[in-house]
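Okay, so the sequence shown: first residue is 1 according to UniProt numbering, each after it adds one.
Beneath this line is the structure, given in structure tokens, with notes to follow.
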Amino acid sequence: MARYDLVIIGAGPGGYVAALKAAHMGAKVCLVEREEVGGTCLNRGCIPTKALIASAELLGKIRRSNEFGIMTKGVSFDLPQMMQRKKEIVSRQIQGIRHLLQNNGIELVEGSGKLLSSNLVEISQNGKKLGEVEACRVIVATGSEPAKIPLFPVDGKNVLTSNEALEIEDVPKDLIIVGGGVIGCEFACLFSEMGCEVSIIDILPKLLGTLSNMEGRIRIQLEMILKRRGIKLLLGRKIRRVAAQGGRVSVFTEDGSQLSAEKVLVCIGRHLNSEGIGLEDLGVEMERREILVNKQMETNVVGVYAIGDVTGKMQLAHVASAQGIVAVENCLGNSSFLDYGAVPNCIFTTPEIAYVGLDREGANRAGYEVKVGRFNFALSGKAQIMGEAEGLVMIIAEEKTFRVLGVHILGPHASDLIHEGALAVSQGLTTPDIAQSIHAHPTLSEVLCEAARTVHDKAIHS
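What follows is the structure, given as structure tokens:
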């Protein structure tokens, strides 16, 4: 029987990063994966969706190229070629990870892992047992998958999850998206840009309603932008049933409304992959499928750790990676923990959304008196140059000290700009710290500088 310092079940952004970190620290590592390295993020999530979004956004920019003095006629797109580009990007990333694992001496085993004890893992493939491996420590990083409930009869053809949407062969004339969360909003922008008539229906009264700590003004502006682009928002509607009728799919709501479209895309959250891997028999504590861990990422069973979506903390790839590093450092004798209060959240709508830290409500609940700084991208020279001047930056600061408590961005490249805010929140910086740092001109980051000024002074360009 092979023996390792560490066995990791799942090679997603949490598992493979943990494996590499452990190898860097001198550990002998076995990484078990039933599908392909990279997990949901690389194969069916972050990377493929953003690859398609990049194509759709370029298409949109070409269609309005006359604003830049460039005349085009008969602009069209080739969906199979867009899909092929996406696949090539994913393939290159997979090969890159595989090379990293190989070069660092990590044993990659194809199969499913199941805990037989705190230091013994059974590996099987298609229900057939392949063997067992022994470990001093085990990390569970099994991720999640799109949630399915009987109300929505997913068939992969007319009623889809995000997995099938990423492999779609034709853009439907119209599409109903069930769920106005992150995934639903991203797909709405993607398909709308490609000429599809999109409707979003959600039981909650506002988009992105399940997200905590995001400023309400950001939500409101996003809703306004999506409506201007022709995306229909049916919020506060409860669905009674979904049925295929004559080559189309109908959605019936409890208020008596009926919607019809070629396809329905179900984006109602994710199901945690914590079942059938031996946790119950081992006595690992769970709550609603979430594996309970302490700040060192260790479960109640000594030597068994969990990271990523299965912990129920934050379903973000970069959080899974950070948790993986924390878990490994604790597995191998160091002391480490993660500050969830400074994690940047990014939503790849058009325009993008990013936020970190507290919103006003969260700050007030925490006992802070706050001041809010704002600055609009419409006043940014760089944003106007790019032709992407929608959106704003908001900075939430403690009133007495001007310490940055939160940063919220709706606008171009928000996912890149947010990290100045993340640094400010994590390091306890103040708005004068940001405002007194010289920001190059003309750049989008000047908007952060100006927003910071409005907290304790006055923006130069307003």
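The beta carbon of each residue, even a glycine, is placed where N, CA and C say it ideally should be.
Cut-off 8 angstroms between Cβ atoms - residues of its own chain near residue i, not counting five sequence neighbours on either side
{"i": "G38", "result": "A11, G12, P13, Y16, I47, V90, Q93, I94, I97"}
{"i": "Q258", "result": "S250, V251, F252"}
{"i": "V335", "result": "Going by the sequence as given, residue 335 is Ser instead of Val. Result list for S335: Q296, E329, in chain order."}
{"i": "L59", "result": "V75, F77, E193, M194"}
Straight-line gap, residue i to residue j (C-alpha atoms, nearest Å)
{"i": "L369", "j": "E399", "result": "One point to set straight first is that residue 369 is Glu, not Leu, in the sequence displayed. Rounded to whole angstroms, E369 to E399 spans 6 angstroms at the Cα level."}
{"i": "N43", "j": "C185", "result": "20 angstroms"}
{"i": "R345", "j": "A354", "result": "The sequence given here places Asn at residue 345; Arg does not occur at that position. Each residue's alpha carbon lies about 5 angstroms from the other."}
{"i": "F77", "j": "E361", "result": "44 angstroms"}
{"i": "residue 478", "j": "L332", "result": "Since the first and last residues shown for the chain are 1 and 462, residue 478 lies out of range."}
{"i": "A2", "j": "G276", "result": "23 angstroms"}
{"i": "D359", "j": "V393", "result": "12 angstroms"}
{"i": "C30", "j": "I9", "result": "9 angstroms"}
{"i": "A261", "j": "K61", "result": "27 angstroms"}
{"i": "A414", "j": "S118", "result": "43 angstroms"}
{"i": "V319", "j": "K382", "result": "31 angstroms"}
{"i": "L410", "j": "L429", "result": "22 angstroms"}
{"i": "E167", "j": "I176", "result": "17 angstroms"}
{"i": "H439", "j": "P351", "result": "22 angstroms"}
{"i": "G73", "j": "Y340", "result": "According to the sequence shown, residue 73 is Lys rather than Gly. Their Cα atoms are separated by approximately 49 angstroms."}
Cut-off 6 angstroms between Cβ atoms - residues of its own chain near residue i, not counting five sequence neighbours on either side
{"i": "G421", "result": "V356, V407"}
{"i": "I203", "result": "K238"}
{"i": "D457", "result": "none"}
{"i": "E122", "result": "K114, L116, E132"}
{"i": "E164", "result": "G156"}
{"i": "I53", "result": "L190, F348"}
{"i": "A389", "result": "F377, A378, A383"}
{"i": "M324", "result": "Rather than Met, the amino acid found at residue 324 in this sequence is Gly. G14, V17, A18, I307, listed in sequence order."}
{"i": "R63", "result": "V75"}
{"i": "R241", "result": "F252"}
{"i": "Q125", "result": "G111"}
Neighbourhood of residue i by C-beta, 7 angstroms cutoff - its chain only, sequence neighbours within 5 removed
{"i": "K371", "result": "A397, E399, V455"}
{"i": "A51", "result": "R85, K86, I89"}
{"i": "A147", "result": "I268, G269, R270, H271"}
{"i": "T299", "result": "V284, E285, I291, L292, V293, Y305, A306"}
Short Cβ contact (8 angstroms threshold) for residue i with residue j
{"i": "R217", "j": "L6", "result": "no"}
{"i": "E145", "j": "R289", "result": "no"}
{"i": "K232", "j": "S274", "result": "no"}
{"i": "V304", "j": "V284", "result": "yes"}
{"i": "L190", "j": "A56", "result": "yes"}
{"i": "L316", "j": "V326", "result": "no"}
{"i": "V20", "j": "L151", "result": "The sequence as given places Leu at residue 20; Val does not occur at that position. No, these two residues do not count as a Cβ contact at 8 angstroms."}
{"i": "G18", "j": "A141", "result": "In the sequence as presented, Gly is not what sits at residue 18; that position holds Ala. Taking 8 angstroms as the Cβ cut-off, A18 and A141 qualify as a contacting pair."}
{"i": "I106", "j": "A23", "result": "yes"}
{"i": "L423", "j": "S445", "result": "no"}
{"i": "N158", "j": "V264", "result": "yes"}
{"i": "A451", "j": "G373", "result": "yes"}
Residue i burial status per 10 Å Cβ neighbour count (16 or more: buried)
{"i": "N376", "result": "buried"}
{"i": "Y4", "result": "buried"}
{"i": "R237", "result": "buried"}
{"i": "R453", "result": "buried"}
{"i": "K227", "result": "exposed"}
{"i": "A378", "result": "exposed"}
{"i": "I149", "result": "exposed"}
{"i": "T49", "result": "buried"}
{"i": "Q221", "result": "buried"}
{"i": "I385", "result": "exposed"}
{"i": "L448", "result": "buried"}
{"i": "S462", "result": "exposed"}
{"i": "S212", "result": "exposed"}
{"i": "T161", "result": "buried"}
{"i": "E215", "result": "buried"}
{"i": "M82", "result": "buried"}
- Every unbroken beta strand (DSSP E) inside the stretch 296-358 [3 residues or more]: DSSP runs (the beta strand (DSSP E)) wholly in the stretch 296-358: 304-306, 345-347, 352-357.
- Task: Enumerate, from N- to C-terminal direction, the unbroken alpha helix (DSSP H) stretches of 4 or more residues contained entirely within the stretch 149-236.
- Result: Entirely contained in the stretch 149-236, the alpha helix (DSSP H) runs reaching 4 residues are, in chain order, 162-165, 182-193, 216-228.
- Message: Could you tell me which whole alpha helix (DSSP H) segments of length 4 or greater appear in the stretch 6-38?
- Response: 15-24
- Quick one: which unbroken beta strand (DSSP E) runs of 3-plus residues sit fully inside the stretch 261-298? Chain order, please. 263-266, 270-272
- Item | Minimum length 3: unbroken beta strand (DSSP E) runs contained in the stretch 101-139 | 107-110, 112-117, 120-125
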